[in-house]
Every structure is written in C-alpha cells, then in structure tokens.
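Heads up: the sequence shown begins at 6 in the numbering used here, then just goes up one per residue.
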Amino acid sequence: MDVEEFRKAGKAAIDHIADYYAGAIDSLPVNSLVQPGYLPPLLPDAPPEQGEDFSAITEDYHKLIMPGLTHWQHPEFMAYFPTASSFEAILGDLYALSIPTPGFNWTCSPAATELEIVVMDWAAKLLHLDPAFYNASGVGGGALQTTASDSALIAVVAARERFMALHADDPPNLANLVIYVSTQTHSLGLKAGKVLGLRVRALEVRAEDGYALRGETLSRALEEDKAAGNRPFVLIATVGTTSSGAVDSMAEIGNSLKSHPDVWLHVDAAWAGIALCCPETHDQLQLADLNLFMDSFCTNFHKWGLVNFDCSTLWVRDRKALTTALDITPPFLRTAQGDAGAIDYRNWHLALGRRFRSLKLWFALRGFGVEGFRKHIRHAIALNQTFAALVTKSELLELVTPPSLALSVIRLAPPNVAADALNGLNTALYARLSARPDVALTQTTLNGVFCIRVAIGSPRTTEENIRRTFDAIIEEAKVVLGELK
Numbered sequence: 006m007d008v009e010e011f012r013k014a015g016k017a018a019i020d021h022i023a024d025y026y027a028g029a030i031d032s033l034p035v036n037s038l039v040q041p042g043y044l045p046p047l048l049p050d051a052p053p054e055q056g057e058d059f060s061a062i063t064e065d066y067h068k069l070i071m072p073g074l075t076h077w078q079h080p081e082f083m084a085y086f087p088t089a090s091s092f093e094a095i096l097g098d099l100y101a102l103s104i105p106t107p108g109f110n111w112t113c114s115p116a117a118t119e120l121e122i123v124v125m126d127w128a129a130k131l132l133h134l135d136p137a138f139y140n141a142s143g144v145g146g147g148a149l150q151t152t153a154s155d156s157a158l159i160a161v162v163a164a165r166e167r168f169m170a171l172h173a174d175d176p177p178n179l180a181n182l183v184i185y186v187s188t189q190t191h192s193l194g195l196k197a198g199k200v201l202g203l204r205v206r207a208l209e210v211r212a213e214d215g216y217a218l219r220g221e222t223l224s225r226a227l228e229e230d231k232a233a234g235n236r237p238f239v240l241i242a243t244v245g246t247t248s249s250g251a252v253d254s255m256a257e258i259g260n261s262l263k264s265h266p267d268v269w270l271h272v273d274a275a276w277a278g279i280a281l282c283c284p285e286t287h288d289q290l291q292l293a294d295l296n297l298f299m300d301s302f303c304t305n306f307h308k309w310g311l312v313n314f315d316c317s318t319l320w321v322r323d324r325k326a327l328t329t330a331l332d333i334t335p336p337f338l339r340t341a342q343g344d345a346g347a348i349d350y351r352n353w354h355l356a357l358g359r360r361f362r363s364l365k366l367w368f369a370l371r372g373f374g375v376e377g378f379r380k381h382i383r384h385a386i387a388l389n390q391t392f393a394a395l396v397t398k399s400e401l402l403e404l405v406t407p408p409s410l411a412l413s414v415i416r417l418a419p420p421n422v423a424a425d426a427l428n429g430l431n432t433a434l435y436a437r438l439s440a441r442p443d444v445a446l447t448q449t450t451l452n453g454v455f456c457i458r459v460a461i462g463s464p465r466t467t468e469e470n471i472r473r474t475f476d477a478i479i480e481e482a483k484v485v486l487g488e489l490k
C-alpha cells in the first residue's frame, strides 16, 4: 500500500467508524450471535502467498469479524463495567500508532516521556489526588499501565522490595510473605500471588458492612499471621468492588496499618476511581482517607474514563520504591539523560517497551475538559438512579445492595417464594437473559447470594435504554416464575 492508497483506505475506515457510531451500532445485537469455533472454517488455514487488495480485506472484516464482536459501546451493554471510547481518544491513538515509539527511555522520544509526566499530573488533579502523587513532586508520581491487574502486580512487586529492604537485618523467607485481599477483591489479587509465587489471604467481608473490608478484620488477621510467623507485606484494598461497588473502610484500614508501617496499601479503584472527578463523590469514595493512607492508587480511564482500551493509571507515593524494584539497566540502555535524572518509564512497569498511551489521554483531557468528564460521570449515575427506582417499585425484583454510583446489583425476589429457592430462580433468570441478543448483563455471588449486575457507563445510554433493559428483565422474570408454577 502506498501513501495515496493509504489515504483512500484511511478515509474509508474513518467513514465506517463514524457510521458505526452514528447509528449502525443501535441496530446491531449487543451480544454476538455466533457459536464457538465459527471463524476458523471461514478463513484459509495459512496466510496468502501474495498480498491481497485492501478492499477485499476490509470487506472480510465487515462480513466475518463484525458478526463475532460483542458491542461494548452499545447503549444497552451493561455487563462487567463499561469500556470507554471517544473520538478524541481514537484519534489520539491513531496519531500514536503512526509514529511507533517503544518509549522505554527518554531518548526514545522525549515527547512520549514528558507528555506522560504531564498528563499523569493532569489526571491526578482531575481526580483530586494529593500532590504527593504528582510527578512534579519529585518524590511520588504516576505512569500509564495496560490494566489494573498489571498495576496491582507492579505495586505488589514494589511492596515486596520495600518490605525486604526494611527487614534486611532479618530477611523474611519468601514462603512466609502474605498478600492480603478481601473476599470481594478482584481476581487481580489472586493472580498477582500466582505470578509471584506468594501466598494470598482473603479477608472476610460481611453483608451488614456493605461488603466493605473493616479495620477490625484487618487487625485481627495481622495479629494472627504475625503470631504464626507469617509476614503480611501488602494489602490490596478496593474502591468500588466488582461484585457490589463496595468501598473498603479506608480510615479504619489506615489506622490499623499505623502500627504496621511495613505493610503497603494499594488501592484498586479500576472502575469507580474516575468518579473522583466529581466533588460530590468524595465522601462516598473516602478521598480524604485515601490521600492520607494509600501507598499506591490505580484507576482505569479505559473503563469509565472516555479513553479507549488500554489506559490504566497507577500512582505511587514513593517512586523510588517502584523504580528500585524494577530497574534493570544494562549498558546499552544507559543514557546521559537517564543518568542525570530524567524519568525512564521502563522502570515503572514490567516490560521494557511501552505504547505512547499518553497521547490519547491528552487528547481526551483536552477535548472534554474537567466539566466534560464530570458531565459524563453524572449522566451514568443519574441513569442508575432511574434504574434503581424501577427495581424498588417492582413487585418482582429487589436491590441486593444499595446502588453504587452507576452499578446496581439485583435479584428476582417475588413474594411467597422461600429464600432457599431464590438462587435457583435467579440462576434461571440469568440464563434466559444471557441468551438474549438485546441485553448484556453479568452475574455475581455475594456471600452465597446469586445476583445480577447492571453496570451503566456508555455515553450513548439513555433513559429509554434503561427502561428497555428493565423491561427485558421483567419479561424473563415472568417466564421463570411461570415455569415455577
């Protein structure tokens, strides 16, 4: 493909993308209708010997690939959590792709490093994080990562390195190191333990506490483990758990850790953290205590933050704890600028090379501004309040937990049905909903209670979409109850 062919194909691609968002997406099923294994029989079993005309490739994209896509940007996609997209971020990513830079040190492309330094501080200010986490502080700072799972793994590595350094006179046996999570922490905690070969202890949370981790639970676990010769060194706490949107009790956790200063507090706010841009959420999300106690903080702009995947933000209070744990500098990576103190972001994540993610974040922050981000978040929260009100008025459904920002957790709970039968009913309801092409929801279990999650966040979602999703749930609920009779 030469420049003029690229120009023509690129304009056609932009037209297709624009048409998709201009209305084509609304006519598509939310969920793909294909079955596992649909694609291999439709494709050759080897690449072509000669290059093909690009129009044929794009035709096959629309004919073969599009039918196998789940449309996360659909206004009635309410499964998992939203995955963000905006024209501003798409174009920023396009520019970044046009000038591929591996970004492992300052000299790779100075702008790639320095823009990331700036936009991470912009993002920290957007979310009202303490200035201690700004890159401009020279002590703490932030870097862009792929996902919250990578961010948590990086934080655990830094916490382990710091713990080992603090106990250099009495080096702990790695077999005795313990990662703390709660029973509602995302699976990223367990995965970090598996990757690093470390033990993970899940601390219990209770329904009466809103599924939040409490300080007394943490303190008791610390005492038990230390008495048994174990060495807890990091806690992964959560602001906005996946299952219920719960926020762990940060003040209590922070106070419990005061007598255990060698335990690192990492806060996973992958979904809910973006809502900190709205001042009215600060009490609910416990911002003051976060800023006071946490050692690291992660949120994903690619979930609720208007930036297409991937764009996870990680901030640390002490950058040296991170770079000391991850710095490997062979001679061929040494530079005069790095030796003089310039940030080399390869020391802030697991890989060597890294994508130029800061460009799309910069485009989005500039294109929307602070007020644009707040309007987006408030829109989704208001829609969830509408949905929760519909559930509350219903005779068939109930909220399992109070609504959390733009997340509601519900279940079918008709009158005169025994409590021990409800899990079976809701399993059947979810199976019927999952088979529909026009609605996308996800299941979860809260301390043994089977629930259905409704997570709102697409900028395209309207009140009409909310009511249609609610009506679909009621329709399938009546079928399930009819079968019960």
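For every residue, glycine included, the Cβ atom is placed at its ideal position computed from N, Cα and C.
For residue 331, the enclosing alpha helix (DSSP H) starts and ends at 324-331. Residues 101, 106, 108 and 117 of the same chain have their beta carbon placed closer than 7 angstroms to that of residue 361, with the five preceding and five following residues left out of the count. Straight-line measurement puts the Cα of residue 123 at about 8 angstroms from the Cα of residue 140. In this structure, residue 212 sits near residue 452, with a CB-CB distance shorter than 9 angstroms.
Restricting attention to alpha helix (DSSP H) runs no shorter than 4 residues, the segment 402-433 encloses none. The three-state reading of DSSP puts residue 461 in coil, since its state is none of H, G, I, E or B. The Cβ atoms of residue 36 and residue 441 sit closer than 9 angstroms to each other. Distance from the CA atom of residue 95 to the CA atom of residue 363, rounded to whole angstroms, is 12 angstroms. Distance check between residue 246 and each of 309, 277 and 332 places 277 closest, using alpha-carbon atoms only. If you check the CB distance, residue 75 and residue 86 do not come in under 9 angstroms. Under the 8 angstroms Cβ criterion, the segment 375-392 counts as touching the segment 281-297, having at least three qualifying pairs. Of all alpha-carbon atoms in 48, 148 and 355, the one lying nearest the alpha-carbon of residue 125 is that of 148. Per the Cβ contact rule, the segment 319-327 is in contact with the segment 149-168 (3 or more Cβ pairs under 8 angstroms). Residue 241 is positioned such that its CB atom lies closer than 9 angstroms to that of residue 193.
Look at residue 487 here: in three-state DSSP terms it is helix. Taking the C-beta atoms as reference points, residue 128 is found nearer than 9 angstroms to residue 366. Per DSSP, the beta bridge partners of residue 302 are 272 and 320.
The alpha carbon of residue 80 has as its nearest neighbour, out of 68, 41 and 33, the alpha carbon of 33. DSSP places residue 447 in the uninterrupted beta strand (DSSP E) bounded by 447-451. Residue 167: not part of any beta strand (DSSP E); member of the alpha helix (DSSP H) spanning 153-171, first to last residue. Beyond the five residues adjoining it in sequence on each side, residue 294 comes within less than 7 angstroms, by CB distance, of 255, 256 and 259 in the same chain, given in chain order. For residue 390, the enclosing alpha helix (DSSP H) covers residues 363-398. In this model, residue 484 and residue 409 are separated by some 29 angstroms (Cα to Cα). Non-local beta-carbon contacts of residue 205 in its own chain, meaning distances under 7 angstroms to residues more than five positions away in sequence, involve 184, 186, 194, 195 and 198 in chain order. Where residue 109 is concerned, there is no enclosing beta strand (DSSP E), because DSSP gives it neither an H nor an E. For residue 204, the enclosing beta strand (DSSP E) begins and ends at 204-208.
Taking C-beta atoms as the reference points, residue 303 and residue 156 count as a pair closer than 9 angstroms. Counted as a single uninterrupted DSSP element, the alpha helix (DSSP H) harbouring residue 117 occupies residues 115-131. For residue 150, the enclosing beta strand (DSSP E) stretches over residues 146-150.
Residue pairing for residue 239: DSSP places it in a beta bridge opposite 184 and 269. Comparing alpha-carbon positions, the option among 66, 112 and 394 lying closest to residue 347 turns out to be 112.
In the three-state reduction of the DSSP assignment, residue 456 falls in the strand class. Taking C-beta atoms under 8 angstroms as the contact rule, residue 159 and residue 355 qualify, at a distance of about 6 angstroms. Considering only 17, 488, 104 and 237, the residue with the shortest C-alpha distance to residue 67 is 17. Around residue 14, the same chain offers 59 as residues with beta carbons nearer than 6 angstroms, after the five sequence neighbours per side are excluded.
DSSP places residue 199 in the uninterrupted alpha helix (DSSP H) bounded by 193-201.
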